[in-house]
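Number of protein chains: 2
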Amino acid sequence: MRLALLGGTGDIGEGLALRWARDTDHEVLVGSRDPERARERVEEYHAALDANGASGTIKGFENTMAADRADVVVLSVPPYHVENTVESVADRIGDAILVSPAVGIKRDDEGFHYHRPPAGSVTALAADAAPGGVPVVGAFHNLPAKRLSELEDDLGFDTLVVGDDRDANREIAALAAEIDGLRTFEAGPLSNAAEVESLTPLLINLARYNGDLDHVGVRFG
Amino acid sequence: MRLALLGGTGDIGEGLALRWARDTDHEVLVGSRDPERARERVEEYHAALDANGASGTIKGFENTMAADRADVVVLSVPPYHVENTVESVADRIGDAILVSPAVGIKRDDEGFHYHRPPAGSVTALAADAAPGGVPVVGAFHNLPAKRLSELEDDLGFDTLVVGDDRDANREIAALAAEIDGLRTFEAGPLSNAAEVESLTPLLINLARYNGDLDHVGVRFG
């Protein structure tokens, strides 16, 4: 498969690109609004793979070009760019699955809090913006990006998928589980996405208040 | 210490009573609005300990009597009874720490959702109802009660504490960690309680949508 990471020059994009490139045979397309920036980052990603004694296929494109070629399109952009990013690639998505990992977070002096968008969740925001018939799956919300990017880290935590198209959920769950050390579980339909996204500010709070929990992931069972 | 479980005849009360009785030297006071009911349940709890080859000290009382004697008072009641339970024992709490494990949950056809009370969280609701100067700690929200009650279960999951009095947080964290197989982390001040409580409906959704996750707990790291 071809996996596009729109905004794939950022931290969660980097982590997923490196892991998918190393652990699977899929072709990873790193998208950016600036194709030159995408290509620069792809060079860095290949250097990180080399340093890990690994290899894989990663290419850099402008976002719409990446979306155009992909079977799975991951919106690895900040939450306030989800809507315009979906709109900018809407006529290129075709029959790809759209994946939303972003979380709305606000902070105060004491911690981080879930900032629920009027749509109900960022995943729902992406689904509202997506062309009719395009399956939208929320996934990868709760992964510590830095640990994905450190290829020597064995991970050992879980990610959740949520969305109204259960076949698409399962496809993305399987794609996530191809990453070594990552397990996936399904959290149900789109209306359950807020509870999934709420976990991210909690994890940041735990890292802040517990010296021994840095870049913390979560494991269910 | 003496640990009162108000509404301790219910499922989370049962689990905590059995574990604290078996794993610690603390005296567990099971409270109920009906003292006869409390004493009946305590007999059942002792039978469960016997069946596990364990022993411990558990006694049954009317709620106010239990609160009066305790160093720690756990509000193991449904969320809609938190406020009136605190009020009913307000003049008996003395210098005990008040602990709130309840979570507001609403459900629809597709799943369970966090029902945030106007106070901001159930823990904040308990804090608002508590007499001035009484430390209130949110804890034990995310524990699968049934697994606590099954004494042969080795647990292996975590619970979080949250509240504005950090000494009280640490005291309750230590008390939780005295239960074999349970680790504790601090989630920060009271204003971070909603993110902690939101985890509970997520865990119920995961149990519903994943056949292999039943009575699921969570582990951070």
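Going down the list, the protein sequences come from chains A and B.
For the first sequence, this note's numbering assigns the number 1 to the initial residue and increments by one for each residue that follows.
For the second sequence, this note's numbering assigns the number 1 to the initial residue and increments by one for each residue that follows.
We treat Cβ as the ideally placed atom computed from N, Cα and C, and that holds for glycine.
Bear in mind that the values here come from a model prediction, so they are computed numbers and not experimental data.
The beta-carbon distance between Arg116 of chain A and Gly104 of chain A, rounded to whole angstroms, is 7 Å. This is short enough to meet the 8 Å contact definition. Here the alpha carbons of Ala48 of chain A and Ala47 of chain B stand approximately 59 Å from one another. Looking at the DSSP output, Lys146 of chain A sits in no beta bridge, so it has no partner there.
For Tyr45 of chain B, no Cβ of chain A is located within less than 8 Å of the residue's own Cβ. Under the Cβ criterion of 8 Å, Arg183 of chain B is not counted among the residues facing chain A. When the beta-carbon positions are compared, Val122 of chain A and Pro79 of chain A come within less than 8 Å of each other. Listed in chain order, the positions of the segment 51-63 of chain B with a beta carbon within less than 8 Å of a beta carbon of chain A would be empty, since no residue qualifies. With a threshold of 16 other beta carbon atoms within 10 Å, Arg107 of chain B falls short and is exposed. About 19 Å separates the Cβ atoms of Glu197 of chain A and Gly188 of chain B, ruling out a contact at the 8 Å cut-off. Assignment of Val77 of chain B by DSSP, reduced to helix, strand and coil, places it in the coil class. Counting only runs that start and end inside the segment 170-206 of chain B, the alpha helix (DSSP H) elements of at least 4 residues fall at 193-197. His113 of chain A: member of the beta strand (DSSP E) spanning Phe112 to Tyr114, first to last residue. Val72 of chain B sits away from Ile93 of chain B, with the two beta carbons spaced by 8 Å or more.
Taking every protein chain shown into account, the CB of Ser55 of chain B has fewer than 16 other CB atoms within 10 angstroms, so this residue is exposed. Apart from the 5 residues on each side of it in sequence, Ala70 of chain A sits with its Cβ closer than 7 Å to the Cβ of Arg2, Leu3, Ala4, Leu29 and Ala96 in its chain, given in chain order.
By the Cβ-count criterion, Glu87 of chain A is exposed, with fewer than 16 other Cβ atoms from all chains shown falling within 10 Å of its own Cβ.
Assignment of Ser121 of chain A by DSSP, reduced to helix, strand and coil, places it in the coil class.
Contact check for Ala124 of chain A and Leu190 of chain A: beta-carbon distance about 6 Å, within the 8 Å limit, so the pair qualifies. For Ile93 of chain A, DSSP records no beta bridge to any residue. A check of alpha carbon separations from Ala127 of chain B across B:Thr200, B:Arg33, B:Asn84 and B:Val216 identifies B:Asn84 as the nearest. Scanning chain A for C-beta atoms nearer than 7 Å to the C-beta of Ser100 of chain B yields nothing, as the closest lies near 17 Å away. Taking a 10 Å sphere around the C-beta of Pro101 of chain B, we find 16 or more other C-beta atoms and assign the residue as buried. Per DSSP, the continuous alpha helix (DSSP H) segment holding Leu16 of chain A begins and ends at Asp11 to Asp23. Remark: C-beta atoms of Arg33 of chain B and Glu62 of chain B approach each other more closely than 8 Å.
Sequence-distant Cβ neighbours of Ile204 of chain A in its own chain, meaning closer than 7 Å and more than five residues away, are Phe112.
A direct Cα-Cα distance of roughly 38 Å separates Asn52 of chain A from Asp214 of chain B. When the Cα atoms are used, Leu6 of chain A and Leu75 of chain A turn out to be separated by approximately 5 Å. In the structure shown, Ala4 of chain B adopts extended strand secondary structure according to DSSP, grouped into three states. With a contact defined as Cβ atoms closer than 8 Å, Asn192 of chain B and Val162 of chain B qualify at about 5 Å. Against chain A, a Cβ distance below 8 Å from Ala119 of chain B picks out nothing, because the smallest value is about 15 Å. Under the DSSP assignment, Glu152 of chain A falls outside any beta strand (DSSP E); it carries neither an H nor an E label. DSSP places Arg37 of chain B inside the alpha helix (DSSP H), whose first and last residues are Pro35 to Ala51. With respect to chain B, the C-beta atom of Ala187 of chain A has a partner C-beta closer than 8 Å.
When Cβ-Cβ separations below 8 Å define contact, Leu16 of chain A makes no contact with chain B.
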